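Structure record follows, encoded as structure tokens.
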Amino acid sequence: MSIKLYSFIEQKTEKWQDQYRFKCADGSYKYVLDRGFLLKDEEGRAVRMIGAIQDITKQKEEEQRLKLLETVITQTKDSVIITEANLNEGKIPKTVYVNPSFSVMSGYNSEEIIGKSPDIFMGQNANNLEYDKLITAIKNKEECQVETICYKKNKEEYWVSFSMLPVNDSEGELSHWVSIQRDITEEKKQEVEKEQLIRELTQNNKDLQQFSYITSHNLRAPLSNLTGLLNLIEDIPVENQELKEILDGFNKSTHLLNETISDLVKVIVIKDNPSIQKEDVQLKEAFENVFCQLDFLIGLHKPIIKIDFEKAPFLNTNKAYLESILLNLLTNAIKYKSEKHRSKILISANKVDDDVILTFKDNGIGIDLSRNKDKVFGLYQRFHDHPDSKGLGLYLVKSQVETMGGTISIESEVNIGTTFTLTFKNK
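Laid out in structure tokens, this is it:
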């Protein structure tokens, strides 16, 4: 600025004006526009300069703001269209500006659309109801959000979501409309695929449920007959040792099949009845019922079982489901014991805020979670070669826990032991 000023004083330039920052008395800065002219003596020498300084800080700030907005509009990936204020013969107002992303999205360059109504996008598959909603919003000078099919320059269809925003001038009068448009074709495709997948999964679920009902029902009768016949055979002495072993194996397989079908029926009941009745259940009483059912197994393996329910003696839950969960977990803890040491099982309950946390800890053979963590609670997942293992117990446990609004997690190490943590809302 100084170079320009002294060049003017030395009369190397005829006019002088400049914009610069001016430091005020309070230390702040303002942008100013400075103009000056020279007074000369009879010999043409500059003797005085008269000038005027104008505060243009607000104009500068507005320029910077507009430059920033222009950068945003030109660089954004969304299509931006600015139109006139009034309808064009009942159609969308004429276009006065489009950003580069508009050309990328539609295939039209700015010269082909400016001065025309964006109605050129409307086609046979466009949503007429959405279009009418847009026209009504423009008439009422209201903001509007629309989703419809549009057409590119090459007649290719694409889904677009766009908002129409009114812009008012300094006097509050409508001056323009700004439309921000986004191509949502891929999202729409994913929506359709998702809906189709949901329909297929729902139908498959119904088919599987029906299959399970039919299978369990149709197997019940012949299985009952087999069980009855095997009970009769038990009263008949069998001299042939080989035949006796065959009958024992047949008897064992029949009972195992019967248990499997019973477990499947339980799963079906759980999945078919997500809403269950709850009551305040005394944990100690529930465990006593389970111990009675496992009296033979406990007497056979003689595990050390420690129970601690003092911190949370009651749980608001479904008693039948709770006893089924306890039965499965305790049975597993006893069956999958280590041969290297005596089996120890610790069962405790704690209360944390409104939650009751049940913990089952044993020192059994454990599970390799690095290989099987995602399969632990799966249907028909077996992790050991135990002859009685069906791969249904933990799946049933998880189903019952979640039906009661709880969660279950597992920690386990091979030859170290397993800990199950069950969390329930006690309401």
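Sequential numbering of the sequence shown, starting at 0, is according to numbering that gives the first Met the number 0.
Backbone N, C-alpha and C fix where the C-beta goes; we use that ideal spot for every residue, glycine too.
Source: prediction; values computed, not measured.
Does the beta-carbon of Gln74 have 16 or more other beta-carbons within 10 angstroms, so that it is buried, or is it exposed?
Here the question's residue 74 lines up with position 75 in the sequence shown. By the neighbour-count rule (16 or more Cβ atoms within 10 Å), Gln74 is not buried but exposed.
Contact between the region 62-78 and the region 164-183: three or more CB pairs below 8 Å?
Yes, the region 62-78 is in contact with the region 164-183.
Whose C-beta lies closer than 6 Å to the C-beta of Arg47 among residues of the same chain, with five residues either side of it excluded?
Residue mapping note: residue 47 aligns to position 48 of the sequence shown, counting from 1. Counting only Cβ-Cβ distances below 6 Å, and skipping sequence neighbours, we find Leu38.
Quick check for students: name the residue ranges of the beta strand (DSSP E) that lie wholly in the region 292-331, counting only runs of 3 or more.
The qualifying runs are 303-307, 313-316.
I need the straight-line Cα distance from Glu278 to Gly416, nearest angstrom please.
Taking the sequence shown and counting its residues from 1, one reaches residue 278 at position 279. Taking the sequence shown and counting its residues from 1, one reaches residue 416 at position 417. Their Cα atoms are separated by approximately 33 Å.
Would you give the residue range spanned by the beta strand (DSSP E) that Val145 belongs to?
Taking the sequence shown and counting its residues from 1, the one referred to as residue 145 is at position 146. Per DSSP, Val145 belongs to the beta strand (DSSP E) from 143-150.
Tell me the residue span of the beta strand (DSSP E) that contains Arg47.
Numbered from its first residue, the sequence shown carries residue 47 at position 48. Per DSSP, Arg47 belongs to the beta strand (DSSP E) from 45-54.
Name, in chain order, the residues that DSSP records as bridge partners for Tyr96.
Position 97 of the sequence shown, counted from the first residue, corresponds to residue 96. According to DSSP, Tyr96 bridges with Ile81.
Tell me the DSSP secondary structure of Lys389 in three-state form.
To locate residue 389, count along the sequence shown from 1; it is residue 390. No answer about Lys389 holds up, because its pLDDT of 48 lies below 50 and its placement is not dependable.
Since Lys151 and Ser105 are thought to touch, with beta carbons under 8 Å apart, how far apart are those beta carbons, to the nearest angstrom?
Stepping through the sequence shown from its first residue, residue 151 is reached at position 152. Stepping through the sequence shown from its first residue, residue 105 is reached at position 106. Lys151 to Ser105, Cβ: 5 Å. Contact.
With Asp33 and Gln16 assumed to form a contact (beta carbons below 8 Å), what rounded beta-carbon distance in angstroms separates them?
Within the sequence shown, the letter at position 34 stands for residue 33. Within the sequence shown, the letter at position 17 stands for residue 16. That belief holds up - the Cβ atoms of Asp33 and Gln16 are roughly 6 Å apart, short of 8 Å.
Are the CB atoms of Met403 and Phe376 nearer to each other than 8 Å?
On the sequence shown, residue 403 is found 404 positions in, with the first residue counted as 1. On the sequence shown, residue 376 is found 377 positions in, with the first residue counted as 1. The answer is no: Cβ separation not under 8 Å.
My understanding is that Leu164 touches Glu142, with C-beta atoms under 8 Å, so please give their C-beta distance in whole angstroms.
As a first step, residue 164 must be located in the sequence shown, where it is residue number 165. As a first step, residue 142 must be located in the sequence shown, where it is residue number 143. That pair is a contact at about 5 Å.
Taking Asn315 and Ser337 to be in contact with their CB atoms under 8 Å, please state how far apart those CB atoms are, rounded to whole angstroms.
For the purposes of this step, residue 315 is identified with residue 316 of the sequence shown, where counting begins at 1. For the purposes of this step, residue 337 is identified with residue 338 of the sequence shown, where counting begins at 1. Incorrect: roughly 36 Å between the Cβ atoms, too far for contact.
How many whole angstroms separate the CB atoms of Leu321 and Val355, which I take to be in contact at a CB cut-off of 8 Å?
Residue numbering aside, residue 321 sits at position 322 when the sequence shown is read from its first letter. Residue numbering aside, residue 355 sits at position 356 when the sequence shown is read from its first letter. That pair is no contact at about 11 Å.
Which residues in the same chain as Pro99 place their Cβ atom closer than 7 Å to its Cβ, once the five residues preceding and following it in sequence are excluded?
Stepping through the sequence shown from its first residue, residue 99 is reached at position 100. For Pro99, where only same-chain residues beyond five positions count, the Cβ hits under 7 Å are Thr73.
Looking only at its chain, what residues have a beta carbon closer than 7 Å to the beta carbon of Ile49, apart from the 5 residues adjacent to it on each side?
As a position in the sequence shown, residue 49 is number 50, starting the count at 1. Only Gly35, Phe36, Leu38 meet the Cβ criterion.
Shortest alpha-carbon distance to Glu313 belongs to which of Asp353, Ile80, Glu111?
As a first step, residue 313 must be located in the sequence shown, where it is residue number 314. The question names Glu, but residue 313 in the sequence shown is Phe. Out of Asp353, Ile80, Glu111, Asp353 has the C-alpha closest to the C-alpha of Phe313.
So if DSSP puts Asn167 in a beta bridge, which residue, or which two residues, is it bridged to?
Here the question's residue 167 lines up with position 168 in the sequence shown. Partner(s): Leu173.
Enumerate in chain order the residues of its own chain whose CB-to-CB distance from Lys397 is below 8 Å, with the five nearest sequence positions on each side excluded.
Translated into the one-based positions of the sequence shown, residue 397 becomes position 398. These residues qualify, in order along the chain: Phe376, Ile407.
Is the region 296-305 touching the region 317-334 in the sense that three or more CB pairs, one from each, lie closer than 8 Å?
Yes: the two stretches touch, three or more of their Cβ pairs being nearer than 8 Å.
Confirm, please, whether the CB-CB distance from Leu222 to Ile260 is below 8 Å.
In the sequence shown, the residue the question calls residue 260 occupies position 261. In the sequence shown, the residue the question calls residue 222 occupies position 223. Cβ distance < 8 Å, so Ile260 and Leu222 count as in contact.
What residues are listed by DSSP as bridge partners for Gly35?
Your numbering for residue 35 matches position 36 in the sequence shown. Beta-bridge pairing links Gly35 to Trp15, Gly50.
Figure out for me which residue from Asn250, Lys301, Leu368 has the closest Cα to the Cα of Ser411.
As a first step, residue 411 is located in the sequence shown; it is residue number 412 there, counting from the start. It is Leu368.
Can you say whether Ile112 is buried or exposed, counting buried as having 16 or more other CB atoms within 10 angstroms of its CB?
Start at 1 with the first residue of the sequence shown, and residue 112 comes out as number 113. The residue in question, Ile112, is buried, as its Cβ has 16 or more Cβ neighbours within 10 Å.
So what does Val351 bridge to, in DSSP terms?
Stepping through the sequence shown from its first residue, residue 351 is reached at position 352. DSSP, once it has assigned bridges, lists Asp354 as partnering Val351.
Judging by CA-CA distance, which residue of Ile409, Lys66, Tyr107 is the nearest neighbour of Ile80?
Start at 1 with the first residue of the sequence shown, and residue 80 comes out as number 81. Ile80 has its Cα closest to that of Tyr107, out of Ile409, Lys66, Tyr107.
Nearest-angstrom Cα distance between Ile344 and Lys205?
On the sequence shown, position 345 is the one that residue 344 refers to. On the sequence shown, position 206 is the one that residue 205 refers to. Computed Cα separation, rounded: 40 Å.
Using only CA atoms, which one of Val97, Gln144, Ile137, Cys149 lies nearest to Asp118?
Your numbering for residue 118 matches position 119 in the sequence shown. Selected option, being the one with the closest Cα: Cys149.
Rounding to the nearest angstrom, what Cα-Cα distance links Arg64 and Glu185 in this structure?
Working through the sequence shown from its first residue, we reach residue 64 at position 65. Working through the sequence shown from its first residue, we reach residue 185 at position 186. If I take the Cα positions, the gap works out to 34 Å.
Please list, in chain order, all residues of the same chain as Ile55 whose beta carbon is under 6 Å from its beta carbon, the five residues on each side excluded.
Here residue 55 refers to the residue found at position 56 when the sequence shown is read from its first residue. The residues are Tyr30, Leu32.
Leaving out the 5 sequence neighbours to the left and right, which residues in its chain are closer than 8 Å to Gln276 when beta-carbon positions are compared?
For the purposes of this step, residue 276 is taken as residue 277 along the sequence shown, with counting starting at 1. Contacts found: Asn317.
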